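Asker: Following this message is one structure expressed as structure tokens.
6 protein chains.
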Amino acid sequence: MEPLSEQTRQVLKTVSTATISTLLFKRGLRNTCVHGVRRMSAAKSNMVGEAFTLRNIPNREDLDQVSVFQNPDHPQRKAYDNVPAGHVLMIDCRGDTRAASGGGILTTRLKMRDAAGLVSDGCLRDSEEIGRMEMPVYCAGPAAPLNLSRHHAVDINVPIGCGGVAVYPGDIVVGDGDGVVIIPRHLAAEIAAEAVEMEKFEHYVMLEIERGQPVIGTYPPSEESRARYQEWANKNK
Amino acid sequence: MEPLSEQTRQVLKTVSTATISTLLFKRGLRNTCVHGVRRMSAAKSNMVGEAFTLRNIPNREDLDQVSVFQNPDHPQRKAYDNVPAGHVLMIDCRGDTRAASGGGILTTRLKMRDAAGLVSDGCLRDSEEIGRMEMPVYCAGPAAPLNLSRHHAVDINVPIGCGGVAVYPGDIVVGDGDGVVIIPRHLAAEIAAEAVEMEKFEHYVMLEIERGQPVIGTYPPSEESRARYQEWANKNK
Amino acid sequence: MEPLSEQTRQVLKTVSTATISTLLFKRGLRNTCVHGVRRMSAAKSNMVGEAFTLRNIPNREDLDQVSVFQNPDHPQRKAYDNVPAGHVLMIDCRGDTRAASGGGILTTRLKMRDAAGLVSDGCLRDSEEIGRMEMPVYCAGPAAPLNLSRHHAVDINVPIGCGGVAVYPGDIVVGDGDGVVIIPRHLAAEIAAEAVEMEKFEHYVMLEIERGQPVIGTYPPSEESRARYQEWANKNK
Amino acid sequence: MEPLSEQTRQVLKTVSTATISTLLFKRGLRNTCVHGVRRMSAAKSNMVGEAFTLRNIPNREDLDQVSVFQNPDHPQRKAYDNVPAGHVLMIDCRGDTRAASGGGILTTRLKMRDAAGLVSDGCLRDSEEIGRMEMPVYCAGPAAPLNLSRHHAVDINVPIGCGGVAVYPGDIVVGDGDGVVIIPRHLAAEIAAEAVEMEKFEHYVMLEIERGQPVIGTYPPSEESRARYQEWANKNK
Amino acid sequence: MEPLSEQTRQVLKTVSTATISTLLFKRGLRNTCVHGVRRMSAAKSNMVGEAFTLRNIPNREDLDQVSVFQNPDHPQRKAYDNVPAGHVLMIDCRGDTRAASGGGILTTRLKMRDAAGLVSDGCLRDSEEIGRMEMPVYCAGPAAPLNLSRHHAVDINVPIGCGGVAVYPGDIVVGDGDGVVIIPRHLAAEIAAEAVEMEKFEHYVMLEIERGQPVIGTYPPSEESRARYQEWANKNK
Amino acid sequence: MEPLSEQTRQVLKTVSTATISTLLFKRGLRNTCVHGVRRMSAAKSNMVGEAFTLRNIPNREDLDQVSVFQNPDHPQRKAYDNVPAGHVLMIDCRGDTRAASGGGILTTRLKMRDAAGLVSDGCLRDSEEIGRMEMPVYCAGPAAPLNLSRHHAVDINVPIGCGGVAVYPGDIVVGDGDGVVIIPRHLAAEIAAEAVEMEKFEHYVMLEIERGQPVIGTYPPSEESRARYQEWANKNK
């Protein structure tokens, strides 16, 4: 699998998850947005990166003692230490919100590795600290309890579910204020290209609505309205 | 049904949903507040308006393709284009939070029509854009997916359920920082009148509490306390 | 039971709920954080205080009329009027979010009594007013409906459940941006002492991570890393 | 409080929870049926008895060790040993279904004490054994885990919530195939009397429906239909 | 819309909802089975009929008094009195299980009208009586409370949601032990035809599995396996 | 890992999941029972076997077409074809109940392979057919939709979560009327031995309760009561 092209990455930084999910919907993909997460950090721009995954199962009291972190191969610690630059760490917590799946120190480690962001369908601790970071971080909310009180990390970079959506390693993850969308890897380039077109059109539609045009006939456009758009688009390249 | 009087509308802009729901409670109406929604926009003042409703049922993959919006009678588009000035568009999404029931363009259309606001027990996309609008907008949160991925709009201006509460077209909808309350149309004027009285009294109670008085004997007032209030009220008309 | 020592109280104001819950986890206490609540007020520092409890059961329409507040022994009003200074009022709403368990006036009364804070696993009304208060207030969110529409207050200062956690009167309650943790009374002093140590170490770890060290070998520390920390700790007393 | 009269008890054994809840509804009591429980035992007739209650809060790992049962005052054991004859043990598990609130031995103890039945909004273990008992037993379903893994028994015979409904000690509990309804103690005799009348009428309605009459005009009856019923009722005393 | 052909009806009585939902899945319809309902009655054979719908919204205490049934046009009563022979009454309760949407008398009325069955995503009262009926009845479970305590019937024979699935009047409803599936009207005949073929093949597969064949190569069949089936099918017409 | 000894297997067939979970509780394992499943088949005796696991993630519409089953390595089909004799197939459906994770044909294949049983925290189709099988089968209930409409099988025999509990390949799975408990492999022999002792004692306790003894002093036994038990136990070896 060749890396995500820099061009596609840059384009995806400028388009919304709403636009992307509509384009995926048109291809028959109706379940592409991570459910139940919101942005916790102070990110100003879109999160874009390849998915690098961590899978948790429910904890077991005898296995999940604090001493497990002494093991240099503990999957949670290993995941945070090995996320490649430009990737998003996607954590499968089975939607269980009763414990943290990371905190300030681990998230800072991601930043130091130039990761593109973090998404967990569980919670995070040190939420105020993370709230001041600029790296995009999405989760189900703040929670203080140690990950081991609910989660047992088992696998790195296998397909996971996150917020009810399938995530395959290498899928393209995009996040903005509306949440997080997963683009199957092979569709990323074409979605990016179409998205730019679609957002340009929607920008025009907004101008029309703001000058008092009705939705019907404008969005989607009637033939006449489409002609007017083409004219506008030619002038505003 | 005669329109909501301007006087009642102005009064309801100054009283809280907490006060209104207490007054409805006293009349035996215990289930009047839309459950599960919060304010998404930057509204500074109360939302007040008559309910104009849109009803969704679950989508069906063959019927709910993007092409349906070509139909000038599509109920969702039609609803947004026809909300009368001063009305609140109330959308029944059956509490399903996995898709958007509107976005920036449609919400802007409401603003252009001088609608009083928008309430959906589903989600909205373009949440950051809506977050900067001053028109009151309430929903269950942000979500990127297209409405068609979960919802099929069927009816305009029929009685609906929204957030577990019955909403009849023409009911009076009031929203503030605590959420949204539905006042049966015929009670609006009398609730407004009583609410002003009640809030005046509560303002006095707050002054009493702030100078160290206990809750008991003050709220509700003992006879002695009520006498003191009357005195105060006479001085502070 | 002797009062919480001022020293322990001051120390707990400086440590995080994440740290505290990890230390409780090490003692086998895995379920110590109140689930489903978030901070509603503008508190700048930790909430620390002994638990003073109020228990609600579901309302019954004939018993829970507005007139009940005329009773000077009504448990809800009595609870707010009797929380001792330095205590946290903990309210058991069985996690039912469809009504308020308090509002602006009652919360102000707590402030006047120098209470340390308020935690409810139900909701609160007058949320914008509470949002401007500096006293720490945690709940499941805003809701306008009167408490009587769902809750019937029955007991003061008995053991309760709150957000799925056992709370015994006199337990130590600590709150920060991640939420609220309950420390069994007899463990408070030793937890406080250990917490300071642990946070000092975590501060060092963060410095290490920020200069590019990996998580593995640093957090928890290898022997070598621990030695470096001791050196640093000796210099930074 | 005088005991439930034998006459009322016998009458309530012959009427349905559906009828009773409708009669309570007419008095403004809309929330009277325990939500989320079903009959686990092989009871053939209605359960009728006064409520005797047991309250649980969430467990805490250090307090809830198996050794607690050595304490002769442990509230759970004490409750089962002290339910008076003719009473129903009502257990408040806060609707948590992840542990048992009793099992075969404890339920047999109730039977030996001539209790009228058992209702828990949590689960029970030894469900197959209980399934063969004739004493009425209602709960949220079978679950093997020990009560201590989720529940800590704290109080006996205080007001509780059970399945979302308020239960006061001494309230009258009636159960049949549709579930469990709680009658406020002071209403029991009058509800019983009305229920017999109502069921007699409904028996007549069923005969009418079975001979092809429509619902409208029959249930509720038109004037003509009511006259026919009176005639029938006079003949069928 | 012409009536469902007797032939299609008879064929659908012999095929399973599992088969039907697989055939709909192949056409891109993935959300066709009513979620959260189970069979309450003693039906021995498949339920098959056209959908006739009833829509409820949340109740309002002042509107939903017992006296409303005096109105001969009350939608709930009218629905039960007007379901055409061979149709299934589908009731939208928004999945609210806290009240009954019908009971023994109303269900008997359906039987007298030769209705094909009843499906509600809410509950039913008189569950033991319904449990002995042979007409197919599906719902979310038993519940005693009167419909008016949660539901307000508003519309007859409009599109509804039921158990998370869209139901249009006239759609074909099929029920068996696995639950209820909705077939869009225009697909009924072709689904019926294919279903017979598919079940014949599955019968053969079961014989193969029972003689020890693996799933792989049998289900779906390899070319060789398909040839063997054709041979068998020719012999077993 | 050596196979489960025949002796331990036979012993576990005679003891209850209630007893086993209590013994695990005493070792600090409080979360050992699969939540949300019930027995679907007509099994008369305990299910006992080693866990063989199948993991699902959410489906994706383009990947999960019916044609995938043509692949002889499809993990779902492969899992059913490769469960070793005496093992229990444990399926992780993330608790999603909107689709089937197997049906009559696949379950029959397990029976042909002498599997010990099947546990899924999702649903199964062909529930009536499975209801007549004697092999133990546990799941969240019946559902007709094809597995591909919600699930994508990814892994065989990795650690999974099932009903909120960790399951490692080779763990010992025991099921009875109360549900399913997971015994960590290395504890199976000692749990089995203790369980026999404990059940013998509980049998004695039941005899005592049935002759009118109170719970307190009997269960757990007072010293005197324990002495009587020892006497009885010596006589009843």
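Chains as they are written, first to last, in the working numbering: chain A, 1 to 237; chain R, 1001 to 1237; chain P, 2001 to 2237; chain V, 3001 to 3237; chain C, 4001 to 4237; chain F, 5001 to 5237.
From the three backbone atoms N, C-alpha and C, an ideal C-beta is built for every residue, glycine too.
Quantities reported herein were computed from a predicted structural model and do not represent experimental measurements.
1) Provide the residue span of the alpha helix (DSSP H) that contains Thr5053/F, from first to last.
2) So what's Ser1120/R in DSSP terms, helix, strand or just coil?
3) Extract the residue ranges of the beta strand (DSSP E) inside the stretch 2060 to 2104 of chain P, only unbroken runs of 3 or more that lie entirely within it.
4) So, using beta-carbon positions, are Ile2156/P and Asp2171/P closer together than 7 Å?
5) How many angstroms separate the CA atom of Glu2208/P from the CA atom of Gly2179/P?
6) The beta strand (DSSP E) with Gly5179/F in it runs from where to where?
7) If Val1158/R sits next to Met1047/R, beta carbons under 8 Å apart, how far is it from one beta carbon to the other, in whole angstroms?
8) Can you pull the chain P residues whose beta carbon is under 7 Å from the beta carbon of Ala143/A, in chain order?
9) What span of residues does the alpha helix (DSSP H) with Tyr3204/V cover, start to end?
10) Between Lys3078/V and the rest of its own chain, which residues show a CB-CB distance below 7 Å, the 5 nearest in sequence each way excluded?
11) Count the CB pairs spanning the stretch 5041 to 5057 of chain F and the stretch 5010 to 5025 of chain F that are closer than 8 Å, and state whether there are at least three.
12) Any beta carbon from chain A within less than 7 Å of Ile5172/F's own beta carbon?
13) State buried or exposed for Asn56/A, treating a residue as buried only when at least 16 other CB atoms are found within 10 Å of its CB.
14) Taking Cβ-Cβ distances below 9 Å as the criterion, which residues of the stretch 1001 to 1033 of chain R are in contact with chain A?
15) Report the neighbours of Ile5209/F on chain V: residues whose CB is nearer than 7 Å to its CB, in chain order.
16) Are the stretch 110 to 122 of chain A and the stretch 88 to 96 of chain A touching by the rule of at least three beta carbon pairs closer than 8 Å?
17) Could you list the residues in the stretch 3177 to 3206 of chain V with a C-beta less than 8 Å from some C-beta on chain C, going in chain order?
18) Contact check, Gly4117/C vs Val4154/C under 8 Å by CB: the rounded distance?
19) Can you check whether the CB of Glu2134/P is closer than 7 Å to the CB of Gly1177/R?
20) As a quick exercise: from Arg1211/R, Ala1195/R, Val1068/R, Trp1232/R, pick the residue whose alpha carbon is nearest that of Thr1017/R.
21) Would you check if there are 3 or more beta carbon pairs closer than 8 Å linking the stretch 2066 to 2077 of chain P to the stretch 2030 to 2044 of chain P?
22) Look at the alpha carbon of Ala3188/V and the alpha carbon of Glu3006/V, and state the distance between them as a whole number of angstroms.
23) So what's Arg2027/P in DSSP terms, helix, strand or just coil?
24) Using only CA atoms, which one of Gly36/A, Pro136/A, Met206/A, Pro84/A lies nearest to Asp92/A?
25) Going along the chain, which residues of its own chain have a beta-carbon closer than 7 Å to the beta-carbon of Leu5106/F, five neighbours each way excluded?
26) Determine, for Tyr5080/F, whether the minimum Cβ-Cβ distance to residues of chain V falls below 7 Å.
27) Give every residue of the same chain whose Cβ lies closer than 8 Å to the Cβ of Arg2027/P, excluding the five residues on either side of it in the sequence, and list them in chain order.
28) At a CB distance below 9 Å, what residues from the stretch 1146 to 1159 of chain R approach chain A? Give them in sequence order.
29) Give every residue of the same chain whose Cβ lies closer than 7 Å to the Cβ of Ala4042/C, excluding the five residues on either side of it in the sequence, and list them in chain order.
30) So what does DSSP say about Arg5113/F, is it helix, strand or coil?
31) Just reading off the beta strand (DSSP E) that Ala143/A is part of, what are its end residues?
32) Name, please, each residue of chain F whose Cβ falls closer than 8 Å to the Cβ of Arg3077/V.
33) Tell me which residues share the same chain as His5074/F and place their Cβ nearer than 8 Å to its Cβ, disregarding the 5 neighbours each side in the sequence.
34) Going by DSSP, what residue range makes up the beta strand (DSSP E) through Val2173/P?
35) Thinking just about the alpha-carbon of each residue, which of Glu3197/V, Ala3193/V, Gly3212/V, Gln3065/V is nearest to the one in Asn3234/V?
36) From the beta carbon of Asp126/A, is the nearest beta carbon of chain P less than 7 Å away?
Answerer: Answer, in terms of the structure:
1) First-last for Thr5053/F: 5047 to 5058, but that is the beta strand (DSSP E), not the alpha helix (DSSP H).
2) DSSP, reduced to helix, strand and coil, places Ser1120/R within a strand of the structure shown.
3) For the stretch 2060 to 2104 of chain P, whole beta strand (DSSP E) runs of length 3 or above, ordered along the chain, are 2087 to 2092.
4) Ile2156/P is not a Cβ neighbour of Asp2171/P, given a cutoff of 7 Å.
5) A straight-line Cα-Cα distance of about 27 Å links Glu2208/P and Gly2179/P.
6) Gly5179/F -> beta strand (DSSP E) spans 5179 to 5183.
7) Contact between Val1158/R and Met1047/R does not hold, since the beta-carbon distance rounds to 22 Å and is not under 8 Å.
8) The answer, in chain order, is Cys2033, Asp2178, Gly2179.
9) In the DSSP assignment, Tyr3204/V falls within the unbroken alpha helix (DSSP H) covering 3188 to 3210.
10) Taken in chain order, the residues that qualify are Ile3156.
11) They touch, by the three-pair rule.
12) The beta carbon of Ile5172/F does not come within 7 Å of any beta carbon belonging to chain A, so the residue lies off that interface.
13) Classification for Asn56/A: buried.
14) Closer than 9 Å at the C-beta level to chain A, one finds no residue of the stretch 1001 to 1033 of chain R.
15) Correct list: Ile3105, Thr3108, Arg3109, Met3112.
16) Touching, yes.
17) Within the stretch 3177 to 3206 of chain V, the qualifying residues are Gly3177, Asp3178, Gly3179, Val3181, Glu3202, Val3205, Met3206.
18) The beta carbons of Gly4117/C and Val4154/C sit about 22 Å from each other, so the pair does not count as a contact at 8 Å.
19) For the pair Gly1177/R and Glu2134/P, the CB atoms are not nearer than the 7 Å cut-off.
20) The residue with the shortest Cα to Cα distance from Thr1017/R is Ala1195/R.
21) With the cut-off at 8 Å, the stretch 2066 to 2077 of chain P and the stretch 2030 to 2044 of chain P do not touch.
22) Each residue's Cα considered, the two are about 12 Å apart.
23) Coil.
24) That would be Gly36/A, whose Cα lies nearest to the Cα of Asp92/A.
25) The residues are Tyr5080.
26) No, because no Cβ of chain V sits closer than 7 Å to the Cβ of Tyr5080/F.
27) Leu2187, listed in sequence order.
28) Answer in chain order: Leu1146, Leu1148, Ser1149, Arg1150.
29) Correct list, in chain order: Gly4131, Arg4132, Met4133, Glu4134.
30) Correct three-state label for Arg5113/F: coil.
31) Careful: Ala143/A lies outside any beta strand (DSSP E) and carries neither H nor E.
32) Against chain F, a Cβ distance below 8 Å from Arg3077/V picks out Val5215, Ile5216, Tyr5219.
33) The residues are Val5068, Ala5153.
34) Unbroken beta strand (DSSP E) run through Val2173/P: 2172 to 2176.
35) Minimum Cα distance to Asn3234/V is reached at Glu3197/V.
36) Yes - at least one Cβ of chain P is within 7 Å of the one on Asp126/A.
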